[in-house]
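Chains A and B, in that order, give the protein sequences. In terms of numbering that gives the first Met the number 0, the first sequence opens at residue 0 and continues consecutively. In terms of numbering that gives the first Met the number 0, the second sequence opens at residue 0 and continues consecutively. Just so it is clear, CB atoms sit at the ideal spot from N, CA and C, and this is done for glycine as well. Since this is a predicted model, take the numbers as computed values, not measurements. Below is one structure, written out as C-alpha cells; the observations come after it.
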Amino acid sequence: MNGIAVDGVSRSFGTVQAVRSATLRAEPGRVTGLVGPNGAGKTTLLLMLASLLAPDTGTIRIGGVDPSEDPLAARRLLGWMPDALGAWPSLTARETMVTTARLYGISSADAALRARYLLDLVDLGALADSPAKVLSRGQKQKLGLARALVHDPQVLLLDEPASGLDPEARVQLRVLLRRLAAEGRTILISSHILSELEEVVDDAVFLVAGAVVDAAAVPAAVRAWRIRLVGASAERLNADAWQVASTLGVPPESLGGDRGTVLIGFENEESAASALHRLVAAQLPISEFAPAQSALEHTFLHLNQPRMQPAPPAPPAPRTGSEAGA
Amino acid sequence: MSIAHIGTIARLELTQRLRSVGWYVLLGVFAVVLLGITALAFAVFSYGDAPGAGVYSIVVNMVLLLVVLVSPTLSGNAINGDRDAATLASIQVTAASTGDIMIGKLLAAVATGGAFLLVALPFLAFSLVGGGADPLVLLISLLVLAVEIVIVAAIGVGLSGLIARPLFSVATTYLVVASLAIGTLIVFALGGFAIRSEATNYSRPYDQSGNAICDEWETYTYEVPRFDLVWWVLAANPFVVLADATPTEYSPNGYPVDLFGQIKYGVRTAQLSPLEQRWDECDPDYSSDTASDVIESTVPSWFVGLGVQIVIAGSLFAGAWSRTRTPARRLPPGTRIA
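Written as C-alpha cells, this is what we have:
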C-alpha cells in the first residue's frame, strides 16, 4: 500500500520508553497531523519513519517499503524535514540543494534546475547564493523544506515546519502542503501550533507519552464558545453576560469573559446552534459566535488530562470586567 | 557504495574547510616553517657531497610531523561534529549509504593531510637541486608518507564516530597518535634503562712498550641498558616506519646520507646485543662495523609497525562505521540522532 503504515512500533532509549506500541496510518493525498505534547515521542517516531532510527519492535511501511529492511528504497520515497535544520554553514542555499540532490543520485544538470525551481518555490530565490549561516531561522526552515522536496518524494515527513516562519510564509506553507497533498503525496506533519495545523490537516494522530491515543475516545466534553455582541468592551462585559444568560435561561455565574466577549460552554454543536437561534430570535446584536478553541486544541488539551473529568476547558468562572480587559 | 556519492561527500567536507580563512593561515604558516627548515637543512647537510638527499628527507619528515600534529584536529570531529551541527542526519537520510559517508569523510581527511604535502612539494623539488637523491628513495618515502596520512585520518574519523563529544574525540585522536609518535619513544627509553644486564668488554692488554699482547684478553664488566630487548616498541612509530621502509643510500665510507638512513641506523643499532664488546687490535682484518654493516645484519621492522598501525586505524574506522549505520539500533551514549 501507499502512504505510511505504522504497526505496534516501540522504541526506548535506555530506560526511557520514547514510543510505545504506536499504530497509525497516513493516507496518500491527505495531510496527517501528528499532535502531542513536548516529549511525547513525535520526533522519535519521525526519525523511525525517516529510516534513521530502528524500532525495537513493530513494523513500519513507507509506500509499502520497510525502512529497516531496505532503507535505501525507503529514502528514495521519503522526504524528511528535521525540526532543527542542520545547514552546512558555509554553503550557499543553492549549493546545499545541489549537494543534497547529488546525494540522491540526481545528475548535476538536473540538480541545478531542481535547486532553482525549489528555491523559488519556497521564496528563497533571492537568497540562493547567500551562505546558509546568514539565513534567519525562518529562512533556514524554508531551505529545509526545499531540501526535503529535492528528490520529489511521495511521502513527506515534516517536523515542526512552521516554526520560525512569518505569517505570510505560513500561509504559503499551507498552500504548498495542500498542493503537494492534492498531487497524491502522503504528508505527515508535526506541530505545536494547533490552530495552524487545524487549517491544513485532513486527519490527526494524537501521541501522548509515546502512545497513540484514539481521538474518538475523548469524551464529548463541554466546549467553550465565544459570543461577541456588537460594540463589546470590557466595561460592558457583565451587562452582556447577563443579557446572554437571561436569554438562554442559564445562571450568569456559569458564563465567563475574555477581552470583552462572553464565553459559554455547550455540550455539542446542536446545543450551540439552538442557543444561537434563541439569541438571534431575542434580537441580540451578535457579531461573533464561534468555538473559543480549535477542535484540535480542544482534543489535545483533553488528551493531556485523560483522567480529569469533567473536562476543564469549560467556561472559566465569571471574571470582573477589569480582569477580563487584560 | 557509489563513487559519485563519495565524491560529493568529500567535496562537501572540503568546500566547507576551504572557505575558512584559518585553513589558509595554517597552510601559510606551514610554508614559512618549511622555508626555514629547508634553509637550515641545507646548512646541516652542506658537509657532504649529496646535501639534496638530506634536505629532502628532512622536509618529508616535517610533513609527517605536521600531519601528526594537525590532522587530528581536522579529522577528529568529522562525524560527531556533523552530528552536533545536525548535518549528519541530513546526509544519512539521502540515498548515500553509510559506506559512502565514511569513505567520503576519510577521503576528505586524507586530502586535508595531503594539502600539507602539496605545500611541501616546491620545497621537495628545491631540495633535489642539491643532488644525491635517489628516485627510489623519493618514491618509497612519499608512498609511506601517504599511507601514514591515511592512517592518521582513519584514526581521527574512526574516533569521531565512536566518541560522542568532538572535544574528547579530538583529544583522544591526539593521544592515540602521540602514543605512536612519542609514547613508543618513551616506552623504548624507559624500558631499555629499566632492564639492565652485566656486559663484558674484551680488549687486548698492552705490554710496557705499548704493543698489544695478542694471546691474552683483558676484561671488565659493567651494567648496560637492554635496548635490544625493547627495540621492537619503536616499530610502530610513524617516523621509524618511514625511515625503516625507505631504502638507505650510503656515502662512500658506509654512512647514511639522509635523515631516513640515520634514524634507521639508530633503530637498528638498538637491536644489537650490548652484552659482549670486543676490541681486537691483533686481528689484521678487524674494523668496527659501519652503518651499512649494522643495517645489513639486523631485521627490518617497518611492516610490523605499519601492520600494527593499520590494525589500530582499521578497527577504529570499522567501529565508527557500524556506529554510524542507519537505521540506528544503538546510539553512542549521550547523542541525539538529529
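Within chain B, the residues Pro326 have their CB atoms less than 8 angstroms from the CB of Pro66 of chain A, given in chain order.
Residues of the stretch 72–87 of chain B that bring their beta carbon within less than 8 angstroms of a beta carbon in chain A comprise Asp81, Ala84, Ala85, Thr86 and Leu87, in sequence order. Between Gly85 of chain A and chain B, the shortest Cβ-Cβ separation is below 8 angstroms. When DSSP assignments are scanned along the stretch 177–238 of chain A, the uninterrupted stretches of alpha helix (DSSP H) that are 4 or more residues long and fall wholly within it turn out to be 193–199. Counting other Cβ atoms within 10 Å of its Cβ, Phe192 of chain B stays below 16 and is therefore classed as exposed. For Thr199 of chain B, the beta-bridge partners assigned by DSSP are B:Thr220 and B:Glu275. Residues of the stretch 54–78 of chain A whose Cβ lies closer than 7 angstroms to any Cβ of chain B, in chain order: Pro66, Ser67, Pro70, Leu71, Arg74 and Arg75.
What Gln15 of chain B touches in chain A, judged by beta-carbon distance under 8 angstroms, is Trp87, Pro88, Ser89 and Leu90, going in chain order. DSSP places Arg328 of chain B in no beta strand (DSSP E); its state is neither H nor E.
The C-beta distance from Leu164 of chain A to Leu172 of chain A rounds to 6 angstroms, short enough to fall under 8 angstroms.
Within the DSSP secondary-structure output, Ile148 of chain B pairs in no beta bridge. According to the DSSP assignment, Phe288 of chain A belongs to no alpha helix (DSSP H) but to the beta strand (DSSP E) extending over Ile285 to Pro290. Val20 of chain B has its alpha-carbon roughly 13 angstroms from the corresponding atom of Val28 of chain B. Taking C-beta atoms as the reference points, Leu33 of chain A and Thr43 of chain A fail to come closer than 8 angstroms.
Of the residues assessed, Tyr103 of chain A falls on the buried side of the cut-off, its CB having 16 or more other CB atoms within 10 angstroms.
Within the same chain, Glu197, Ala198 and Asn200 come within 8 angstroms of Tyr221 of chain B by CB-CB distance, once the 5 residues on both sides are set aside. The C-beta of Ala107 of chain B comes no closer than 8 angstroms to any C-beta of chain A. In the three-state reduction of the DSSP assignment, Thr289 of chain B falls in the coil class. With contacts defined by Cβ atoms closer than 8 angstroms, Met96 of chain A and Ala168 of chain A do not form a contacting pair. Closer than 8 angstroms to the CB of Ala25 of chain A there is not a single CB belonging to chain B. Annotated three-state conformation of Gly35 of chain B is helix, per DSSP. Taking all protein chains in view, the Cβ of Thr14 of chain A is surrounded by fewer than 16 other Cβ atoms within 10 Å, so the residue is classified as exposed. Distance from Gly248 of chain A to Arg19 of chain A at the Cβ level is roughly 47 angstroms; contact not present, criterion being Cβ atoms closer than 8 angstroms. Thr218 of chain B places its beta carbon 8 angstroms or farther from that of Pro71 of chain B. Neighbours of Val20 of chain B in chain A, taken as residues whose beta carbon is under 7 angstroms from its own, are absent, since the nearest beta carbon is some 11 angstroms off.
For Leu23 of chain A, the enclosing beta strand (DSSP E) begins and ends at Val15 to Ala25. Interface flag for Ala3 of chain B against chain A is set, since a Cβ pair is found closer than 8 angstroms.
Listed along chain B are Val92, each with a C-beta nearer than 7 angstroms to that of Ala49 of chain A.
By the Cβ neighbour-count rule, Tyr55 of chain B is buried, with 16 or more other Cβ atoms within 10 Å of its own. Proximity of chain B to Pro81 of chain A at the Cβ level (cut-off 9 angstroms) is accounted for by Ala85, Ala88, Ser89, Val92 and Ala337, in chain order.
Counting the other CB atoms within 10 Å of its CB gives Glu12 of chain B a total of 16 or more, which places it among the buried residues. What Ala95 of chain B touches in chain A, judged by beta-carbon distance under 7 angstroms, is Leu102, going in chain order.
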